[in-house]
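Numbering (the numbering used here), first residue to last: 593 to 916.
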Amino acid sequence: MNRQPGSGRSVLVTGAAGSIGSRLCRAMLESGCRVAGVDDFFSGLRENIEPLAGDPNFTFLERDVCEPGLLAALNGMIGPFGAVLHMAAVVSAPWSLENPERTDAVNRAAALALHGEARRLGVGAFVFAGSAAEYGLPLAGPAREGMAGEPQTPYGRSKFLATRAIEASGYGCALRLFNVYGPMEGNPGPYDGVVRRFLDAALRGEPFAVHGDGGQTRDFVHVDDVVRALLHASGVWGNEPLRGVFNYGTGRATSVAELAGMVAAVAGRELVIRHLPERPGDLHDSQADMGRARAAGLPMPETRLEDGLRATWKRLKELGGRSG
593 MNRQPGSGRS
603 VLVTGAAGSI
613 GSRLCRAMLE
623 SGCRVAGVDD
633 FFSGLRENIE
643 PLAGDPNFTF
653 LERDVCEPGL
663 LAALNGMIGP
673 FGAVLHMAAV
683 VSAPWSLENP
693 ERTDAVNRAA
703 ALALHGEARR
713 LGVGAFVFAG
723 SAAEYGLPLA
733 GPAREGMAGE
743 PQTPYGRSKF
753 LATRAIEASG
763 YGCALRLFNV
773 YGPMEGNPGP
783 YDGVVRRFLD
793 AALRGEPFAV
803 HGDGGQTRDF
813 VHVDDVVRAL
823 LHASGVWGNE
833 PLRGVFNYGT
843 GRATSVAELA
853 GMVAAVAGRE
863 LVIRHLPERP
873 GDLHDSQADM
883 GRARAAGLPM
893 PETRLEDGLR
903 ATWKRLKELG
913 GRSG
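Right, here's the structure in full:
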């Protein structure tokens with residue numbers, strides 16, 4: 593993944609102990625950057641960053657992104673930073689329905705405070721992890737960036753408000769990430785994504801729990817492809833940092849029922865589905881229009897869903913059920 597050395601550039605990654613953040617830290621280090629990682633372990637896991645602990649170019653701090661003046665404090669301790677990549681977030685739409693105030697505090701207020709600090713301090717690049725949940729209402733065909741605006745959950749709403757403010761400011765960029773999957777540490781929980789839940793069910797020999805009829809579609813993009821896009825967006829490969837809002841998915845839609853069949857085939861399990869009621873706030877269809885991302889030079893996803901599922905299943909078995 594090391595396209596061009598970062599030449600010692602100092603970067604800050606929030607949510608560094610998360611599934612995406614930890615891989616992003618590793619890729620930044622491989623690109624020649626000095627990396628400061630921040631996480632409060634609300635959803636991130638210590639074991640995700642333990643392999644990085646011995647790297648002299650990596651510094652980790654256990655901090656809450658809602659802390660006022662966080663970037664200025666870190667800038668004085670570690671910086672100055674050339675880029676801030678803000679991955680920290682409440683990432684579960686169902687959890688956000690139960691905890692809307694905390695979701696807004698983390699996903700909107702903290703993100704915009706960090707964005708404002710980065711701009712005042714002259715940080716060269718700011719990258720925010722947005723979400724496909726910003727689109728909300730049913731859409732006909734692939735979603736284009738200008739279609740967002742009616743999210744159905746506090747999670748989607750908070751992400752949309754942050755993304756809209758970043759775009760309006762003219763400083764930094766937001767990548768609206770679609771359904772990210774891949775080897776992810778940690779025991780499966782009730783709010784995990786559908787890929788993780790299906791793989792765990794296959795490992796346990798249990799039926800695949802499908803909310804609704806399984807006809808709803810998702811755009812599944814592998815975490816390694818997402819990390820490459822984030823690196824490009826930040827400019828660490830020598831390109832100009834991006835500004836504005838960009839979808840990031842594969843541009844392909846896969847139904848949940850199709851996904852279940854693919855997971856069963858990869859795992860060598862019989863396909864048995866247990867249908868459950870639809871979940872409030874769930875989108876029926878989600879597919880990225882990648883025109884703007886392609887025009888901006890973002891690297892297009894390279895991982896076929898079948899290959900990504902196969903590699904994720906292999907890692908899941910190696911960890912004994914602690915990945916998905």
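Just so you know, even glycine gets a beta-carbon here, dropped at the ideal spot from N, CA and C.
message: Quick check on the burial criterion: 16 or more other C-beta atoms within 10 angstroms. Buried or exposed for P746?
response: Buried.
field: Backbone CA spacing between I865 and S847 [nearest angstrom]
entry: Computed Cα separation, rounded: 14 Å.
- prompt: What are the boundary residues of the alpha helix (DSSP H) that Y747 is part of?
  reply: P746 to S761
message: Cutting at 7 Å between CB atoms, please list the residues of its own chain near E726, excluding the five before and the five after it.
response: Taken in chain order, the residues that qualify are A740, P743, G748, K751, F752, T755 and R768.
message: Within 10 Å of its beta-carbon, does P575 have 16 or more other beta-carbons around it, so buried, or fewer, so exposed?
response: Shown here, the chain extends from 593 to 916; a query on residue 575 therefore has no answer.
- prompt: Can you tell which of E659, G661 and A628 has the C-alpha that lies nearest to the C-alpha of A675?
  reply: Looking only at E659, G661 and A628, the smallest Cα-Cα distance to A675 is reached by A628.
Closest Cα partner of R816 within the set R618, G600, S602 and T606: Correcting the residue type first, residue 816 is Asp in the shown sequence and not Arg. It is R618 whose Cα lies nearest to the Cα of D816.
query: What is the DSSP secondary structure of E654, reduced to helix, strand or coil?
result: strand
query: What are the start and end residues of the beta strand (DSSP E) that includes V828?
result: That residue, V828, is in no beta strand (DSSP E); it is neither H nor E in DSSP.
field: D805, buried or exposed, once every other Cβ within 10 Å from all chains shown has been counted against 16
entry: Burial call: exposed.
task: Kindly indicate which residue of E898, S826 and A724 has the alpha-carbon position closest to the one of A888.
output: The shortest C-alpha separation from A888 is found at S826.
query: Helix, strand or coil for E798 per DSSP?
result: coil
task: Could you tell me which residues DSSP pairs with G836 in its beta bridges?
output: C765
task: Could you tell me the distance, in whole angstroms, from the CA atom of C658 to the CA atom of N699?
output: 9 Å
- request: Quick one: residues in its chain with C-beta nearer than 6 Å to the C-beta of L604, no 5 flanking neighbours on either side, listed in chain order?
  value: Excluding residues within five positions, the ones whose Cβ falls inside 6 Å are A628, F673 and V676.
- request: Drop a sphere of 10 angstroms on the beta-carbon of R796, count the other beta-carbons inside from all chains shown, and report buried for 16 or more, exposed for fewer.
  value: exposed
- request: Would you tell me roughly how many angstroms separate the C-alpha atoms of A845 and G668, rounded to the nearest one?
  value: C-alpha separation (whole angstroms): 45 Å.
message: Contact defined as beta carbons within less than 8 Å: I believe G722 pairs with A766. What is the distance between those atoms, to the nearest angstrom?
response: 4 Å
field: Buried/exposed call for L663, threshold 16 Cβ in 10 Å
entry: buried
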